[in-house]
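Take a look at the structure set out below.
Numbering (our numbering), first residue to last: 25 to 149.
Below, the structure is given as structure tokens:
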């Protein structure tokens, strides 16, 4: 994923080989890539959607696939995109592609297109 150069990188490591890279900018906007079930940056935004889609988003994808396969049921598509606007009028987005998520938080309307373009540069190997 291509990101703007003027950023600060923070790396979070979980207890089960999870990894999250967060790139922070001076205006408090952030962009991330993670294999956590959900980035803590967007967790509350996803929960606040309060619908069944956000419930699916927060489940462990691999465990859910296994359980549904045992019940001979199919699963939701591999990619799930959630986005919205905070009470402060800032944009957020979370894109789940299999076990990887990319997204951003605290993005102003004037920079939303730029951040969407950065997310679109992500390539899953």
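Beta carbons: idealized from backbone N, C-alpha and C, even for Gly.
Taking Cβ to Cβ, would you say residue i is nearer than 8 Å to residue j?
i	j	result
residue 37	residue 45	no
residue 105	residue 59	no
residue 108	residue 143	no
residue 55	residue 139	yes
Taking only the alpha-carbon atoms, compute the straight-line gap between residue i and residue j and give it to the nearest angstrom.
i	j	result
residue 63	residue 71	12 Å
residue 103	residue 117	13 Å
residue 145	residue 48	18 Å
residue 41	residue 111	34 Å
residue 130	residue 68	13 Å
Going by the DSSP bridge assignment, what does residue i pair with across the sheet?
i	result
residue 128	55, 117
residue 108	116
residue 49	DSSP, once it has assigned bridges, lists no residue as partnering residue 49.
For chain D, check one thing: does any of its Cβ atoms lie closer than 8 Å to the Cβ of residue i?
i	result
residue 105	In summary, chain D is missing from the structure at hand, where a single protein chain is found.
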